[in-house]
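Working notes for the structure below.
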Amino acid sequence: MAGRKRNATAALRNNSANGGPEIYQTMLAEAGVAVQAAEAPERPLKRRRPGSSLKERKQHQDPEVGPSSSSPSRKTSKDTEENDEVEFEDVLPVPNVQTMERDTDDEDDEDEDEDIEFEDIDFQAAMKDTGSAPERPKELTLNLATQKSATTLGKRGADRRKPLSKEDRQRRVEIHKAHLLCLLSHVARRNHWCNDAQVQDSLRPHLTDKMVKYLTPGTNLSQFGRAESLKNGLQQALVMWRTKFEITERGLRRARWAEEMEHLANYQPPDDMDSVLDRAEFREAAKKLQGSRDVGAQLFCAMLRSIGVRARLVCSLQPLPFGSGGPTLPKPTKGNNQLPTPKPELSRKPVAQVQDVPTSSSPSRSTARRRFGHPNAAAHRFEPPPMTRAKPRPIFEAPKHIRESAYPVYWVEILDVGHQKWQPVDAVVTHTFWKPKSLEPPITDKENCLSYVIAFNQDGTAKDVTRRYAKAYTAKTRKLRIDGQDGASEPWWQKTMRYFRPRRPTDLDQIEDIELQSIESREPMPRNVQDFKDHPIYALERHLRRHEVLVPDATPSGTVGAGSRGPLEKIYRRRDVRVARSADKWYRMGREVKPNEIPAKWLPKRAKPSNFDDEDDGQENAGTPVYTEDQTEAYQPPPVRDGKVPKNKFGNIDVYVPSMVPAGGVHIVHEHATRAAFLLGIDYAPALTGFDFKGRHGTAVLTGIVVAKENEEGVRAVIDSLGDLEREVADERRRLAALRMWRRLLMGLRIRERIWSGVDTAEREEADREAELEAEIGDAPSDVTEEFDMEDDGGGGFLVE
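According to UniProt numbering, numbering within the sequence shown proceeds without interruption in unit steps and concludes at 801.
If you want it as C-alpha cells, here you go:
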C-alpha cells in the first residue's frame, strides 16, 4: 500500500505541473502534502541487484578500468609462439570428454536435501529505500520486558531438536550396529553363566519336590494334562521367587543419545547400577538371592534348567536408536556435576547410639507423687523404683525404591512339550506367564523400548522372536530396526544372526518359524495415518514418493481418517504401487518409452534461486514427465553394418547394460582393446558404461570398445600379442638391470685387484682382518654418553666466552 500511495502522489504532481485543474492543488494543500516544483521531478532510485558483488559495482562505476590486464590477442599470440616449439608424435585419437549433470528428479537423490532447513530472510526489508530522506536522531529506550521475552523465545528456539543430516544418520546407523553386536555378546555370556554347575546347585534346593513334579510332567499325561501341570508348577515357582529374591540394583535400561558433547563431560553412571560383572559375582548373587531385575530373571532361568526344564533366556535389547526420535540424556543443570551423592551416615551407626538420646527429665519428684491423688502424699518419703534401660529396638533399613520401567528387559521362555510351543514367563517384574503381548512397553516409556527380542537356548544358539511380543510389528516395531530401512541393511542383520543359528534346524525350529510368520501375516490394518508410511503391505496416496505412482486400475482396500474431523483417505495395496522414471533414466537402464505414451506423472521442477535467469520454454517449466515400466520396451540400438559401429555425437556408443550392444557387434573389455583396434585399422567405438559423479557434475566412464563381430578374433589376437610384447619388455628391463648390477660388481673387483696387485698375501690377509674388525666395531652400539659427542669448540667441554 505504501508503494501505491507514493505512485498516486507522483501522478498528481505531474498533472499539476502540466496545467491540470487547481482543485487537486487545493486538496493537496488541505491535506498538508508539500508539492515539489516541476523543474525537479522525483526520480525513482535504482535498486541494486542482490547478486552483484562489490567488485562488479566498482567496474560499473569506473568504466575506465578494464576487466583484466591481458587482452585476448596477446594471449593468442603467446600461445602460438609456445606451440611452435612443441614436437608432436602419433598417438591414439582421444575421444571427446562426455559430461552430464546429475538428474535431480531421480529417486536416488530425492532425499539428499530433505533435512536441510533454510533461514527465512526478509529481502524486502534489506532493499528498502533509506537514502531518500536524512535520518533524524532517535531516542533510545530500554525495555526490560521486551528483552526478557526475546531471551525466553531464544531459549525456546534453542531447545528445539535439530534434524539429522545424511552424514549424521549414517554415523548413527554404524553405531547402532556396533551396539547391537556388543549387546548380543553380553546376553550370550549371561546365558552361558546360567549353565554353571555351582549356580544351579545353589538354586535347586529352593524348589520343592511338588514343584519339580509339576514342572516336569511325565509322558503318561495327556497333552492338556501336561500343559496344566506345567502351569501349576510355574504358579508355585513364581510365588516362591517373588518372596525370596530381592531387587537391590538397577538393571539394563534404554540407551540414549546426548544432544551435545558438553552433556557427557561430567556424566557419571548411577550408583545402584548392576554390579554383577563376572561369574564369581553371579555365583554370589545366586547364594544371596539379591541383585537387579535382570539378574533375577537369569537366576530363575538357571533354576529351571537345574531340574531339566527346557528354558530359554530372553532379552529385549536396548541399542542406541539411529533416528532423531526418542528420549535423550537430561541436560546438566547449573551446579550439578552428576557426581554420586554420599549415603547418609545415620544408618551406619550402632543401634545403641541411636537409641541413647537424652530426654527431658521432670522438674521435681513431686510430680510423680501427685499421681496418687492424696493431698498429704507429698509429705511421705516415696522413692520411685530405679528406671531400667529399655532394650534397644532393632532398626531395619527400609527397602530401597528403584525407579524402573514397569515392563521387563529379561524374562524366560519355557517349552510347552505338549503343544510344542515356547511360552514366556516373567518371574520378577510382571509375575505373569503365558501372556506374550503383555510384555511390550508403550511407546511413551523412556526406560524400555521393544525393538529386538532375542531368545538364547541352553546350547548357545539364539533366534529373533520379536514378532511374538510386538503388537504392531509391521507398522511400528519394524521402523525401529535396522532391517526395516527399505531393506538396505536386512542382509547385515541376517548375517549377524547366522552366527547364532543351529547347524541343523530341528522340527521344533521349523514349527516356530511358521508360527512367527503367521503372527506377522495376521497383523491387522493400521489405524493411524502415520503407520501407513513405508508400510510393506498398505500405502496411502499422500505417502507416495516422487517416483511412485498407482496403477490405473488400483482398487482401494479401505479408508482411514486423519483424526475425527479429517477427510477419509483411500488405502491401497503396496503391490499396486509402481516405480516411474524419466525417459533418460529408463534409457540408462536399457529401455525406451513407447511412442504416443501419456506420462504417468509430471514431476515438479526443483525450486530455483530468484536471481536465476530461466530461459526455458513453457514445457520444461511444467516439470519432468515420468513413465512406468509397462510404458517402456527394451531398447534396440542400430545394428553394425559393413563393419561400421554406430556412434553418438561424442564418438562413443552407449552400453549401460549388456542388452544395448548393437546387433552384429561385440563388447571387448580390455586395457589394450583400443590400441589393438587402432593398430588393425578397423572401425571401433569406445563403450560408455556410466558416469562418475563428483557432486552434481559427472564424467563419462569408458570401459572397453565395441567392434564388429567379424573383427573380434583379430582384435583379441592383437591383444594377446600386445600382452606378450609387454612381458618381453618387462623381462628385457629386468635383464638389463641385472647386467648393470653385474657390471658394477665386476668393475669393483677389478679395481680391488689392481690396488692389491703389488701387496704380499700375508699383508693382504691382515688388512682384511682389520677391515672386518672395524666393520664389527662400527656396527656395535656405542656406550659413550652424549656429552662426549658434543663438538669441541676449543673449550675442552666448557663454554668459551
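Virtual Cβ for every residue (Gly too), placed ideally from N, Cα, C.
Other residues of its chain near residue i: CB distance less than 7 angstroms, five sequence neighbours each side excluded
i	result
F456	V187, A188, N191, R312, L313, A462
residue 862	In the structure as shown, the chain begins at 1 and stops at 801. Residue 862 is therefore absent and cannot be evaluated.
A676	V715, V718, I719, L722
G665	V640, V645, V706, V707, A708, K709
W241	F300, A427
T328	R256, W257, A258, E259
F500	T461, A462
Closest by C-alpha distance to residue i, when choosing among the options
i	options	result
G723	D630, S165, H672	H672
E281	I307, D196, L329, I519	D196
G251	V645, G704, D294	D294
S518	H543, R565, R743, V465	V465
E633	D768, A767, E597	E597
R253	G758, Q420, Y407	Y407
V551	V577, K231, N448	V577
P637	R588, G323, Q170	R588
N448	T219, G484, Y410	Y410
R468	W434, T496, L207, T444	W434
L317	I454, M747, L679	I454
E284	P332, L207, Q200, R734	Q200
Beta-carbon proximity check, residue i vs residue j, cutoff 7 angstroms
i	j	result
V715	V706	no
H264	A255	Inspection of the sequence shows that residue 264 is occupied by Leu rather than by His. Result no, Cβ atoms of L264 and A255 do not sit closer than 7 angstroms.
I175	L277	no
P441	S405	yes
residue 828	A600	This structure does not reach residue 828, given that the chain is present from 1 up to 801, and the question cannot be answered.
A580	V645	no
M211	G233	yes
V655	Y627	no
S659	G590	yes
H667	G704	yes
V529	A554	no
residue 810	L688	With the chain covering 1 to 801 only, the question about residue 810 has no answer from this structure.
L415	R310	yes
V412	V429	no
Q423	I511	no
Neighbourhood of residue i by C-beta distance below 8 angstroms, restricted to the same chain and skipping five residues each side
i	result
D509	K463, P502
I571	M525, F532, Y538, A539, L540, P556, S557, G558, T559, V560
L203	A286, L299, A302, M303, S306
L164	D115, R172, G323, S324
Y635	Y587, G590, R591, E592, S659, M660
G308	T216
L679	V718
D274	E249, R250, G251, L252, G291, S292, D294, V295
Extent of the continuous alpha helix (DSSP H) run through residue i
i	result
W422	Unbroken run through W422 is the beta strand (DSSP E), 421 to 426; no alpha helix (DSSP H).
K162	That residue, K162, is in no alpha helix (DSSP H); it is neither H nor E in DSSP.
W586	583 to 588
V715	712 to 755
K244	223 to 244
R279	279 to 288
L299	293 to 306
V309	Careful: V309 lies outside any alpha helix (DSSP H) and carries neither H nor E.
First and last residue of the uninterrupted beta strand (DSSP E) at residue i
i	result
K570	568 to 573
P429	First, the amino acid is wrong: residue 429 is Val here, not Pro. Neither: V429 is in no beta strand (DSSP E) and is coded neither H nor E.
D453	It should be pointed out that residue 453 corresponds to Val in this sequence rather than to Asp. Element bounds for V453: 452 to 456.
T99	99 to 101
E592	591 to 593
G698	697 to 708
A472	Premise fails: A472 is in no beta strand (DSSP E) and is neither H nor E.
K644	No beta strand (DSSP E) holds K644; DSSP gives it neither H nor E.
Y410	410 to 416
A462	462 to 464
Sequence-distant residues of its chain with Cβ nearer than 6 angstroms to residue i (five each side left out)
i	result
Q98	F650, A700
E515	none
L481	As written in the sequence, residue 481 is Arg, which differs from the Leu given in the question. Cβ within range, chain order: S451.
G418	Q223, R226, A227
Q290	E246, T248
W193	R279, F282
L238	A427, H431
D683	G643, K644, V645
residue 802	No answer is possible for residue 802: it lies beyond the span of the chain, which begins at 1 and ends at 801.
Inset, instruction - Taking only runs that begin and end inside the stretch 502 to 553, name each unbroken alpha helix (DSSP H) of 4 or more residues, in chain order. - result: Here the runs fully enclosed are 507 to 521.
Inset, instruction - Taking only runs that begin and end inside the stretch 626 to 678, name each unbroken alpha helix (DSSP H) of 4 or more residues, in chain order. - result: For the stretch 626 to 678, not a single whole alpha helix (DSSP H) run of length 4 or above is found.
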